[in-house]
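Residue numbers (the working numbering): 443 to 739. What follows is a single structure, written as structure tokens, with notes after it.
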Amino acid sequence: MTTHSPYDGSTPLAREVADITRRRQAVEAQQFPLPSSARVITVANQKGGVGKTTTTVNLAAALARQGAHVLVIDLDPQGNASTALGVEHRAETPSVYDVIVGEATIDEVVQKSPEFERLYCVPATIHLAGAEIELVSLVAREQRLRTAVELYLAEADDPVHYVFIDCPPSLGLLTINAFVAAREVLIPIQCEYYALEGLSQLLNSIQLIERHLNPELRVSTILLTMYDARTNLANQVVADVREHFPQQVLNTLIPRSVRISEAPSYGQTVISYDHNSPGSLSYLEAAAEIAMRGAVA
Ligand code: ADP
Ligand code: MG
């Protein structure tokens, strides 16, 4: 009987380890080009649980780790992005709510992430849940986040390279504010049966915003999340999405991974929680693609 050492490249596990090592070396050797002005990217999908927050915080962390100055705006009353980035967001914490209602600037409420030197977060607290209704009666109700972001970018001492806005799972006024504030939309799509359901409604909303409120807005990026290579269904979703959106879909697929889902309970992104995991590596690769594409556009 021949015995295989798990480390000599002859077992599936050893091959996987070798593959991950090779991919890690490749992505870490890469220079992530920095954009000449801030790229404001809204992460949206009105479906819940598709990976918006996970994608926002991990891409932001990956870009910050590679040297970019990154701001995350948590625009979901759940405050999941704030939790994952390890920033304070108890009810009384100054937050994006104060910014939206015009009682504070981003500079006054922003917090530094404990993980990376140039990663910042505007937290969301439970107060934001009321904002959707309060906004209705405010002037320029669709533009409030945009105005705040523009002021912050204009006054920042150190140039900001990326702003990611994590949206709630709806197409209400908060998400509209995010669409008006951004130039790019990133849509995470979960590799599951109902993945494409609701997508046309999302694209229609984006088109309406583009026509009436923000002519610069475009869907720049689609990221397939929670991919499980063992299922035919996941592969079918990947094929469908690539066929419909050949330009927007990133080559990188984010695998379904326990390490990705447990990181937030430690107030961390997977980039620092388990840097060597396949999930962390995939988000680094996706971030590299986003950085490279921006350099071309
Ligand atoms: P959304 O912000 O769209 O509601 P989340 O990012 O919060 O979605 O993700 C929904 C749930 O799925 C969370 O519990 C999250 O930890 C988990 N999750 C997200 N991406 C992955 C992944 N690649 N592998 C495993 N679990 C994931
Ligand atoms: Mg979320």
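All C-beta atoms in this analysis are idealised placements derived from N, C-alpha and C, irrespective of residue type, glycine included. The structure presented is a predicted model; accordingly, all values stated were derived computationally and were not measured.
Query	Result
Residue span of the alpha helix (DSSP H) that contains Asp540, given as start and end	Val538 to Ile542
Supposed close pair Ile483, Ala624 - CB separation, criterion 8 Å	6 Å
Ligand 1 heavy atom lying under 7 Å from the CB of Ile696	yes
Distance cut-off 7 Å: Ile750 Cβ against heavy atoms of ligand 1	No statement about residue 750 is possible, as the shown extent of the chain runs from 443 to 739 and does not include it.
Heavy atom of ligand 1 within 7 Å of Val492 beta-carbon	yes
Ala503 and His531 closer than 8 Å at C-beta	no
Distance between Gly493 and Cys609 (C-alpha atoms, nearest Å)	11 Å
Buried/exposed call for Met668, threshold 16 Cβ in 10 Å	buried
Range of the contiguous beta strand (DSSP E) that encloses Arg481	Arg481 to Val485
Ile575 classed as buried or exposed, judged by whether at least 16 other C-beta atoms fall within 10 angstroms	exposed
Endpoints, the beta strand (DSSP E) within which Gln810 is located	Residue 810 lies beyond the stretch modelled for the chain, which goes from 443 to 739, so this question has no answer here.
Span of the alpha helix (DSSP H) around Tyr594	Arg586 to Glu597
Terminal residues of the beta strand (DSSP E) in which Asn693 lies	Val691 to Pro697
Per DSSP, cross-strand counterpart(s) of Thr663	Leu628
Cβ-Cβ separation, Leu628 to Ser662 (assumed contact under 8 Å), whole Å	7 Å
Assigned secondary structure, Phe606 (DSSP; H/G/I helix, E/B strand, else coil)	strand
C-beta contact flag for His603 and Pro688 at 8 Å	no
Straight-line Cα distance separating Arg560 from Ala510	7 Å
The alpha helix (DSSP H) enclosing Tyr715, as first and last residue numbers	Val712 to Tyr715
Opposing strand residues paired with Leu513 [DSSP bridges]	Tyr562 and Val605
Three-state class that DSSP yields for Gln553 in the structure shown	strand
Helix, strand or coil at Tyr725 according to DSSP, with G and I counted as helix	helix
Any non-hydrogen atom of ligand 2 within 7 Å of Asn500 CB	no
Spatial neighbours of Glu557 in its chain, beta-carbon cut-off 6 Å, leaving aside the 5 residues before and after	Ser714
Any non-hydrogen atom of ligand 1 within 7 Å of Thr496 CB	yes
Range of the contiguous alpha helix (DSSP H) that encloses Pro454	Pro454 to Ala471
Residue from Asp518, Pro519 and Ala598 whose Cα sits closest to the Cα of Asp549	Ala598
Contact set for Pro475: own chain, Cβ-Cβ below 8 Å, skip 5 residues either direction	Ala733, Met734, Gly736 and Ala737
At least three beta-carbon pairs within less than 8 Å, the stretch 716-732 to the stretch 698-708	yes
Nearest-angstrom Cβ-Cβ length linking Val564 and Leu527, presumed shorter than 8 Å	Not a contact, Cβ separation roughly 10 Å.
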